[in-house]
Amino acid sequence: MKQIPTTWKSFKQSWQWLFWAGPVLVVIGLSAGAVSGNWGAVPVGLTIAGIVLIGVWLVLQSQPGSGFWGRRSTQASTNALLSTLAVVVILGLINFLGVRYANQIDLTENQLYTLAPQSQAILRRLPQPVKVWVFMDPNSPNPNSGPTQALLDQYKRQSRQFNFELVDPQAQPGLAQSFGIQDVGDVYLEAGQKRQFLQNLKSERLVEGRLTNAIEQITSDRQAKIYFLQGHGESPLEGSQGGLAQAKALLQEKNFVSEPLNLVEQLTVPEDAAAVVVAGPKQALFDKEVRELNAYLQQGGSVLLMIDPNVDPKLDSLLKNWGVTLDNRLAINASAQQTVEFGPAAPVVNQYGDHPITKDFGNRYSIYPIARPIQMTPIPGVQETPLLVTSPESWAESEPKNQNLEFNPGSDRQGPLMLGVALSKTAQPTTPTQPSPSPSPVASPSASPIASPSPSPSPSPTTSEADKKPSEARLVVVGNSRFATDGLFGQQLNGDVFLNSVSWLSKRDDQVLSIRPKEDKNRRITMTAQQANLVGWLSLAILPLLGFGAAGVMWWQRR
Amino acid sequence: MRVILSNIVAIYRKELQGYFASPLAYAIAGIFWLLSGFFFVIALQDTLQTAAAADQIGQPFDAAYALIQAFLGLMGVLSLFILPILSMGLYAEERKRGTLELLATSPVTNWVVSLGKLLGVLTFFITLVLPLLVYEAITLSAANPPVNPTLLLTGFGGLILMAAAVLSLGMFLSSLTESSILAAVLTFALVLFLWSIQAIATGIGGPVGEAIGHLSLLKHYGDLVRGVVNTSGLILFVSYIILGLFLTAQSIEALRFQRS
Chain A
152 MKQIPTTWKS
162 FKQSWQWLFW
172 AGPVLVVIGL
182 SAGAVSGNWG
192 AVPVGLTIAG
202 IVLIGVWLVL
212 QSQPGSGFWG
222 RRSTQASTNA
232 LLSTLAVVVI
242 LGLINFLGVR
252 YANQIDLTEN
262 QLYTLAPQSQ
272 AILRRLPQPV
282 KVWVFMDPNS
292 PNPNSGPTQA
302 LLDQYKRQSR
312 QFNFELVDPQ
322 AQPGLAQSFG
332 IQDVGDVYLE
342 AGQKRQFLQN
352 LKSERLVEGR
362 LTNAIEQITS
372 DRQAKIYFLQ
382 GHGESPLEGS
392 QGGLAQAKAL
402 LQEKNFVSEP
412 LNLVEQLTVP
422 EDAAAVVVAG
432 PKQALFDKEV
442 RELNAYLQQG
452 GSVLLMIDPN
462 VDPKLDSLLK
472 NWGVTLDNRL
482 AINASAQQTV
492 EFGPAAPVVN
502 QYGDHPITKD
512 FGNRYSIYPI
522 ARPIQMTPIP
532 GVQETPLLVT
542 SPESWAESEP
552 KNQNLEFNPG
562 SDRQGPLMLG
572 VALSKTAQPT
582 TPTQPSPSPS
592 PVASPSASPI
602 ASPSPSPSPS
612 PTTSEADKKP
622 SEARLVVVGN
632 SRFATDGLFG
642 QQLNGDVFLN
652 SVSWLSKRDD
662 QVLSIRPKED
672 KNRRITMTAQ
682 QANLVGWLSL
692 AILPLLGFGA
702 AGVMWWQRR
Chain B
152 MRVILSNIVA
162 IYRKELQGYF
172 ASPLAYAIAG
182 IFWLLSGFFF
192 VIALQDTLQT
202 AAAADQIGQP
212 FDAAYALIQA
222 FLGLMGVLSL
232 FILPILSMGL
242 YAEERKRGTL
252 ELLATSPVTN
262 WVVSLGKLLG
272 VLTFFITLVL
282 PLLVYEAITL
292 SAANPPVNPT
302 LLLTGFGGLI
312 LMAAAVLSLG
322 MFLSSLTESS
332 ILAAVLTFAL
342 VLFLWSIQAI
352 ATGIGGPVGE
362 AIGHLSLLKH
372 YGDLVRGVVN
382 TSGLILFVSY
392 IILGLFLTAQ
402 SIEALRFQRS
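The structure is reproduced here in structure tokens:
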């Protein structure tokens with residue numbers, strides 16, 4: 152009879168010590184969860200085990216009679232503990248709801264901290280989660296980091312579908328690599344499977360216009376279509392010798408769809424074409440094809456021409472309108488810059504024009520094996536920007552078959568040579584379909600079955616939007632097509648030259664919605680000498696002396 | 152209800168008398184005014200320099216707005232040091248003098264006492280801050296184009312709200328100990344923690360980090376200073392005030408039984 156209470160007592164005493172394991176386990180569990188950021192089985196299990204231990208201890212303590220629970224102070228402090236817990240929980244819940252349904256009033260005069268109505272509308276109807284990744288140490292001293300975060304905070308407040316994360320690329324190299332970041336400060340936009348590079352924060356902060364437009368683009372289900380003309384020995388889109396498979400894959404990554412285009416079977420350039428690429432034809436194009444391309448350009452289309460030497464694509468009638476002449480000679484680069492791999496017939500370019508396509512290139516290299524120079528004659532209304540310029544030591548060789556390549560002042564042209572040019576002019580809205588009144592009714596039924604399956608509802612607003620503003624015809628001519636083919640595509644900047652050209656031609660990066668950046672109100676403080684004196688005296692002398700004086704008087708009186 | 156109100160007023164008046172008859176309070180006021188005057192002159196010079204630089208590049212620059220932001224930012228830091236000193240003696244002094252038992256056992260409820268004390272110390276803080284508005288107003292009256300005073304008042308409102316939250320929590324810490332120095336140090340540590348919590352939150356990340364980040368005083372004060380009134384921030388400040396009041400009342404309540 153006496154045995155049982157003693158064992159019970161010793162058991163209870165051992166539990167006294169076990170109790171301490173409870174809080175310890177809870178702390179371990181919570182820290183494990185917080186550190187790993189993963190609330191898996193282990194941290195949760197540890198925490199629950201700790202709570203259970205504390206609970207068991209409390210139950211054991213509550214044995215009637217003597218002990219901890221018997222005391223009145225215990226009862227009081229339990230009451231206090233419970234009510235404190237209740238108050239904390241209630242306040243926590245109120246705050247939770249407060250954050251959930253937060254309202255914000257912007258009292259600044261220019262509404263500096265309020266998003267433009269366009270952005271708000273787009274965020275309100277986000278169809279899928281969108282996330283912005285900023286690859287930058289959150290504590291980096293970049294002056295653009297703070298405003299960018301504040302802007303992203305505003306976006307986040309508008310929509311629960313929007314999220315952003317700052318990632319230190321050094322701390323998470325795997326993640327950084329999966330995005331293919333090139334520099335600290337890169338900002339990427341992600342929606343579903345799609346990822347898009349937005350900008351780098353090194354030189355400029357993120358602005359609302361760009362972010363909203365990018366969100367609009369990445370969430371819209373319509374993809375820009377890039378058509379590759381086929382049928383004259385152009386580089387195929389498949390992965391074969393001289394193919395464009397790498398280019399196609401990277402275009403896909405940038406949310407472009409690449410499709411072959413046969414202008415002999417098809418009557419006109421499809422309406423949903425964001426750009427047409429003519430990549431290294433070996434034979435001449437038919438007159439009709441050139442006419443269609445011309446008509447397409449006149450309506451505000453975009454064409455990328457990549458024409459190798461020793462080929463006459465019969466595009467002169469088209470190129471004449473833009474003032475472009477394809478030089479029949481071969482660009483030779485015999486300077487120190489020539490690459491051992493390709494020889495003097497592969498000009499290496501490290502000078503680029505001031506243009507959206509080449510603006511980030513600096514003086515890095517791109518290679519164009521067997522290229523032809525381009526010559527320009529200015530045409531009123533056409534804006535031309537040289538893109539690719541060879542070194543001054545290069546020249547255009549008229550007799551490339553000659554054994555020893557050297558510059559002959561008579562027939563050859565001294566560099567620098569222009570290997571690529573970007574041109575643009577406003578499309579003539581007066582002649583939208585003048586040359587092709589007959590094909591257009593025929594074209595619409597033929598084109599619609601191709602386009603109808605998925606994107607048929609979406610292109611219609613696009614075209615109507617495009618109709619409203621004066622559209623621009625864009626043309627990029629490069630005297631070489633090999634630079635973009637498999638193998639060479641990954642060399643140096645070659646891929647970027649191609650992708651940026653397509654991107655510029657597609658007009659996708661033009662701001663669809665014009666959102667003016669928020670600006671401070673221009674305001675100055677011009678104090679008179681009197682005012683300045685008054686403020687100086689008040690702040691530095693009168694007020695402090697008032698305080699110290701009063702203190703002194705009080706102290707004196709107390710004595 | 153009227154009894155409660157008159158109780159609060161009685162405590163409030165007693166506290167105020169304590170402040171305005173104490174040389175220490177005036178000394179604190181003198182130091183505060185000297186430092187804030189100094190900060191104001193710095194902020195003003197800084198702003199004028201930036202304005203001159205902006206003139207040279209031809210960029211728009213809102214000098215008045217920048218001045219308000221810079222000055223209120225500095226005031227926030229200064230308050231961080233001054234508020235624990237204000238709240239340290241609220242209960243610790245009573246405990247030291249042995250008058251806390253009287254308060255605890257008096258018919259006046261504990262939360263009425265704490266509310267009265269909080270109102271008293273907050274009023275003192277407001278009297279510290281109000282004179283600053285005078286030279287701020289003189290300076291801003293020289294702004295061209297003229298300034299809308301809403302922003303300035305919102306910022307000062309934010310400062311007072313934040314002060315109330317800190318004082319309330321400081322009052323609780325003061326009720327725990329007999330030493331006012333310890334209370335001040337504890338409050339200072341707590342305030343420092345609540346200020347820097349955002350850095351911790353960004354370190355953790357995810358929803359947990361977000362929840363922790365919401366507790367940051369700095370973030371919500373910064374919002375108000377910038378002229379952005381966010382309801383969630385206001386709710387948080389009020390929550391801190393209520394929590395401080397409640398915990399103080401609880402800790403005095405517990406005192407009754409500890410001594411018995």
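Chains A and B are the protein sequences, given in the same order.
To get the working numbering, take the position in the first sequence, counting from 1, and add 151.
To get the working numbering, take the position in the second sequence, counting from 1, and add 151.
Cβ coordinates follow ideal geometry from the N, Cα and C atoms, glycine included.
The beta strand (DSSP E) with A:Arg-480 in it runs from where to where?
-> Unbroken run through A:Arg-480: none, as it is neither H nor E.
Alpha carbon to alpha carbon, what distance is there between A:Thr-577 and A:Ala-342?
-> 34 Å
Since A:Val-475 contacts A:Val-628 with CB under 8 Å, what's their CB separation in whole angstroms?
-> 5 Å
Sequence ranges, alpha helix (DSSP H) only - wholly within the stretch 639 to 694 of chain A, length at least 4 | 645 to 656, 680 to 688
Minimum C-alpha distance to B:Val-285 - residue among B:Leu-175, B:Gly-240, B:Pro-300, B:Ser-265 | B:Pro-300
In chain order, what residues of the stretch 286 to 300 of chain B put their CB closer than 7 Å to some CB of chain A?
-> Tyr-286, Ile-289, Thr-290, Ala-293, Ala-294, Asn-295, Pro-296, Asn-299
Rounded C-alpha distance that separates A:Phe-634 from A:Glu-359 = 36 Å
Between A:Asp-459, A:Leu-326, A:Gln-681, A:Val-420, which lies nearest to A:Tyr-447 when the distance is taken from Cα to Cα?
-> A:Val-420
Buried or exposed: B:Leu-281, going by 16 or more other Cβ atoms within 10 Å of its Cβ?
-> exposed
Sequence ranges, alpha helix (DSSP H) only - wholly within the stretch 332 to 392 of chain A, length at least 4 | 359 to 370
Excluding the five sequence neighbours on either side, which residues of its own chain have a C-beta within less than 7 Å of the C-beta of A:Leu-326, listed in chain order?
-> Val-318
How many angstroms separate the CA atom of A:Ala-573 from the CA atom of A:Thr-536?
-> 5 Å
Run down chain A in chain order and give the residues with a C-beta less than 7 Å from the C-beta of B:Pro-358.
-> Neighbours of B:Pro-358 on chain A: none; closest Cβ ~10 Å, over 7 Å.
In three-state terms, what does DSSP make of A:Phe-313?
-> strand
Look up A:Thr-636 in the DSSP assignment and say whether it is helix, strand or coil.
-> coil
Is the Cβ of A:Gln-312 closer than 8 Å to any Cβ of chain D?
-> Absent from the structure is chain D; the protein chains it does hold are A and B.
Quickly, what does DSSP pair A:Gln-526 with across the bridge? List them, please.
-> A:Thr-476
Starting from A:Ala-446, find everything on chain B with Cβ-Cβ shorter than 9 Å and list it in chain order.
-> Ordered by position in chain B, no residue passes the 9 Å Cβ test against A:Ala-446, which lies about 46 Å from the chain.
Could you name the residues of the same chain whose beta carbon sits closer than 8 Å to that of B:Ile-236, not counting the 5 residues immediately before and after it, in chain order?
-> Ile-179, Ala-335
Residues in its own chain within less than 8 Å of B:Ile-363 by CB, not counting five upstream and five downstream?
-> Ile-348, Ile-351, Ala-352, Ile-355
Identify which residue in A:Asn-295, A:Gly-249, A:Gly-173, A:Asp-438 has its Cα closest to the Cα of B:Ser-383.
-> A:Gly-249
Look up A:Trp-546 in the DSSP assignment and give the residues it is bridged to.
-> A:Ile-483, A:Gln-565
Go through its chain and collect everything with a Cβ distance to A:Thr-613's Cβ below 6 Å, but skip five positions before and after it.
-> Residue confidence is low: A:Thr-613 scores 40 on pLDDT, short of 50, so the model does not pin down where it sits. Its coordinate-derived value is still stated next. Closer than 6 Å at Cβ, skipping near neighbours: no residue.
Residue-chain proximity (A:Leu-685, chain B), Cβ-Cβ < 8 Å = yes
Proximal chain B residues relative to A:Glu-260, where beta-carbon distance stays under 7 Å = Asn-299
For a contact meaning CB atoms closer than 9 Å, what does A:Phe-558 contact in chain B?
-> Near A:Phe-558 there are no residues of chain B at all, since even the closest Cβ is about 48 Å away, more than 9 Å.
Of all the CB atoms in chain B, is at least one closer than 8 Å to the CB of A:Leu-242?
-> yes
If you draw a straight line from the alpha carbon of B:Ile-393 to that of B:Ser-319, how long is it in whole angstroms?
-> 8 Å
Would you call A:Ala-237 buried or exposed, if buried means 16 or more other Cβ atoms sit within 10 Å of its Cβ?
-> exposed
What does a CB cutoff of less than 7 Å around A:Gly-451 pick up in its chain, not counting 5 residues either side in sequence?
-> Ala-578, Ser-622, Glu-623, Ala-624
Can you give the Cα-Cα distance for B:Ala-400 and B:Thr-256, rounded to whole angstroms?
-> 12 Å
Under three-state DSSP, which class holds B:Thr-250?
-> coil
Would you say A:Val-335 and A:Phe-315 are within 8 Å of each other, going by their C-beta atoms?
-> no
In terms of residues, what are the limits of the beta strand (DSSP E) holding A:Asp-257?
-> 255 to 257
Candidates B:Leu-398, B:Ala-176, B:Gly-224, B:Ile-219: closest to B:Leu-412 by CA position = Residue 412 of chain B falls outside the range modelled here, since chain B spans only 152 to 411, and no answer is possible.
Contact under 8 Å by Cβ, B:Pro-297 with A:Asn-673 | no
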